[in-house]
Amino acid sequence: MAFKIDFDTSTQIISVIYSGATDLDSKLRAVEEVTQTYADKEGMKILVDVREEMMNMSLGEQEAFGEYLANHHDLRKAKVAVLHEPSFNPNTIIDVISYKNGYQLAEFLSLADATRWLIRSNGDWL
């Protein structure tokens, strides 16, 4: 499996951790699993860790997935932190498209910074 999902009860953060090659199907499965499993969590706090991900999606698929995230009914109040390596973010296209379409998303290089941002009561930057 290209992703793993964890839930931290103390912070209420849902972590989606990608590793290895990911394609559009695996990204869609991860969204489906998160939204079905945590449907009761209004205003989900989601940490997306792409530090070990190898993107295997076309530019068009990445753009379409970014729009999908931004327009997904169950994610409309979600707050999303994307954790990536300093030298590369395989999710850049997805992040830019989803953010431009209203998705509450921020990118981070540090797990501690991402966690702090997610547990804040609003979407303000650090």
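Count the sequence shown with our numbering and you get residues 1 to 126, in order. Quick reminder that beta carbons are idealized off the backbone N, C-alpha and C, glycines included.
For Y18 and F3, the gap between their C-alpha atoms comes out near 4 Å. Rounded to whole angstroms, E52 and K45 show a C-alpha spacing of 21 Å. Between R116 and Q12, the alpha-carbon positions lie close to 12 Å from each other.
Counting C-beta atoms within 10 angstroms of its own C-beta, F7 has fewer than 16 neighbours from the protein chains shown and is therefore classed as exposed. Fewer than three pairs of CB atoms, one per stretch, sit closer than 8 Å, so the stretch 26-38 makes no contact with the stretch 99-119. Comparing alpha-carbon positions, the option among V16, I119, V80, G66 lying closest to I93 turns out to be G66. For the 8 Å CB-CB criterion, V34 and L83 do not form a contact. Straight through space, the alpha carbons of S58 and A78 are spaced by roughly 25 Å. The shortest C-alpha to C-alpha distance from A106 to any of V80, P86, A64 is the one to V80.
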